[in-house]
Amino acid sequence: MQPAAETGLSFAARVAAFYAAIFVTVGVQLPFFPLWLKAEGFDARAIGVALAIPQVTRLMVTPWVMVVADRRDALRGLLVISGMATLAASLVMGLASGTAAILLAFFAVSVAWTPIMPLTETYALKGLRARGRAYGPVRLWGSAAFVVGSFGAGLIADWIPARHLIWLFVANFGVVALTSLVLQPMHVEPRGDPAQGPRKSLLRDPAIAAVLAAAGLIQGSHALFYGFSTLAWTTAGLDGTTVAALWALGVIAEIVLFALSARLPPFFTPGVLLMIGAGGAIVRWAVMAFDPPFAALPFLQCLHALSFGATHLGTLGFLTRHAPPGQAASVQGALSIVLGLAMAASTSLSGLLFAAYGSLSYAAMALAALAGGACGLVAHRLGRDAPRV
């Protein structure tokens, strides 16, 4: 089905703006949410539990949300509902006090927030593909916004008490909610029976199973870095601006990869990208395990283009081609479930490992990435014809 002629802002521009709103929020929250939790009295183990909550809610919420999206042509509507519900729940979290109340409120935030990314990926991939547009050059605006968010939050974190960072998070959720309203309705014609779900249809394909396993292991290997690098660096004496700059550098490298993704030679199939991503993660975490000096950190951060960026492009490129008819949202839901399981387990384990072993814990992340690379090799052999996105 060809999209109708567009007036005003193009579909790609609207999606880019929504990605930007989402990733400004992620850029603020990912590095600095642990600092707010610490200011609220959470220790390392409790922070690990809190950071695992969004991964668990993926398993509870995402499957049925994505089936509804396939069945009822509801991608935009569900994005609006999720954005508004996240804003409301985050306001409650800002007013909560005490560990139990904060965890309960954060659970509500996570229930509303976790479906947004798979819904957005489905919405973007379908709409851009129908218009002959590449995914990477649009998605890079999300990564650019992450840099702005993390760097801006680093500046703010230097002059406001950590306990007030929650209101920065709330403000960003408000921007996401408002930006969801500019998205265009998009008709998606379901084919087949989406009620079959990912377990009955998707995992019967060994290539899809291999890609999901590779993505879970490689992306899950980032859990220790996401949860505890900021704490480790600030404890070592780095200020908020320096920490934000390190996070930004990694994402800038990712942006470069996304910008060039449509121009990569045909050799870089999704399976190859997955193996490259695994290799970047292995090197990155193996060096981090030895508590490298500050001078090495910028080089290690540039490997984010591989450990995250190449893995992300390889995963989406493969799944876009292999999604069963009428189940584009469900396949993104399956990916979200796998990532949720991997990140929940890895994040919870990271809290225990970091409390006991410090930076040496990164060795476990390197082993996870190695296993993910093996799954990527299997996917490469089974799905050589899958295109990039």
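Reminder that position 208 of the sequence shown reads as 213 in the working numbering, one-by-one numbering, no gaps.
Ideal placement from N, C-alpha and C gives every residue a C-beta, glycine not left out.
Fair warning: this is a prediction, and the values are worked out from it, not measured in the lab.
Problem set entry | contact_flag[the segment 35 to 52, the segment 82 to 94] where n(CB pairs < 8 Å) is 3 or more | Short answer: they don't touch.
Exercise. When the Cα atoms are used, what is the spatial distance from GLY132 to LEU84?
Worked result: Cα to Cα, GLY132 sits roughly 15 Å from LEU84.
For this session: Return the Cβ separation of LEU145 and ILE58 in integer angstroms, given the expectation that the two are a contact with Cβ distance under 8 Å.
Result: Not quite, the Cβ-Cβ distance comes to about 29 Å (not below 8 Å), so this is no contact.
Exercise. At a cut of 8 Å, does the segment 357 to 367 reach the segment 134 to 151 through at least three beta carbon pairs?
Worked result: Short answer: they don't touch.
Exercise. Are ALA220 and LEU344 closer than 8 Å when you measure CB to CB?
Worked result: For ALA220 and LEU344, yes; Cβs fall inside 8 Å.
For this session: With DSSP collapsed to three states, give me the class of ARG209.
Result: Looking at ARG209 - three-state DSSP - the assignment turns out to be coil, as it is neither helix nor strand.
For this session: May I have the straight-line CA-CA distance separating THR274 from THR104, to the nearest angstrom?
Result: Rounded to the nearest angstrom, the two C-alpha atoms are 46 Å apart.
For this session: Please report how far the alpha carbon of ARG19 lies from the alpha carbon of THR325, in whole angstroms.
Result: Taken atom to atom, the span from the alpha-carbon of ARG19 to that of THR325 is near 21 Å.
Exercise. Can you name, in chain order, every residue of its own chain whose Cβ lies under 7 Å from the Cβ of ASP296, other than the five neighbours on each side?
Worked result: Around ASP296: SER364.
Exercise. What did DSSP end up calling MET89 once you bin it into helix, strand or coil?
Worked result: The answer is helix: DSSP assigns MET89 an H, G or I state.
Exercise. Hey, quick one: how far does the alpha helix (DSSP H) through TRP118 stretch, first residue to last?
Worked result: Its alpha helix (DSSP H) spans residues 104 to 118.
Exercise. Per DSSP, what kind of secondary structure is SER351 in: helix, strand or coil?
Worked result: Residue state, collapsed to three classes: helix.
Problem set entry | alpha helix (DSSP H) runs wholly inside the segment 223 to 249, at least 4 long, in chain order | DSSP assignment within the segment 223 to 249 yields the following whole alpha helix (DSSP H) runs of 4 residues or more, N-terminal first: 228 to 240.
Exercise. If you check the beta carbons only, do LEU278 and ALA315 fall under 8 Å apart?
Worked result: A contact, by the Cβ cut-off of 8 Å.
For this session: Could you name the residues of the same chain whose beta carbon sits closer than 7 Å to that of VAL248, not counting the 5 residues immediately before and after it, in chain order?
Result: PRO36, GLY159, THR235, TRP238 and THR239.
Exercise. What is the DSSP secondary structure of THR274, reduced to helix, strand or coil?
Worked result: THR274 falls in the coil class under three-state DSSP.
Problem set entry | First through last residue of the alpha helix (DSSP H) which encompasses GLY159 | That run of the alpha helix (DSSP H) goes 141 to 162.
For this session: Check whether the Cβ atoms of PHE47 and LEU229 sit closer than 8 Å, and answer yes or no.
Result: Taking 8 Å as the cut-off, the Cβ atoms of PHE47 and LEU229 do not count as close.
Exercise. When you compare only the Cα positions, how much space is there between THR4 and GLU45?
Worked result: Examination of residue 4 is not possible in this model, given that the chain is present from 6 through 394 alone.
Exercise. When you compare each of LEU387, ALA379 and ALA350 to LEU64 by their alpha carbons, which one comes out closest?
Worked result: Looking only at LEU387, ALA379 and ALA350, the smallest Cα-Cα distance to LEU64 is reached by ALA350.
Problem set entry | ALA22 - containing alpha helix (DSSP H), residue span | It spans 16 to 44 - the alpha helix (DSSP H) in which ALA22 sits, taken as one unbroken run.
Exercise. What separation, rounded to the nearest whole angstrom, lies between the Cα atoms of ALA376 and TRP164?
Worked result: Looking at the two C-alpha atoms, the distance is approximately 42 Å.
Exercise. Helix, strand or coil: how does DSSP classify VAL70 here?
Worked result: Residue state, collapsed to three classes: helix.
For this session: Can you grab the Cα-Cα spacing for the pair VAL288 / LEU100, in whole Å?
Result: Those two C-alpha atoms are separated by around 42 Å.
Exercise. Comparing alpha-carbon positions, which option in TYR128, PRO211 and ARG50 lies nearest SER335?
Worked result: When only C-alpha atoms are compared, the closest one is TYR128.
For this session: Identify whether GLY197 lies in helix, strand or coil by the three-state DSSP scheme.
Result: For GLY197, the predicted model reports a pLDDT of 44, less than 50, meaning its position is unreliable; a value from the coordinates is still stated below. For GLY197, the three-state secondary structure derived from DSSP is coil.
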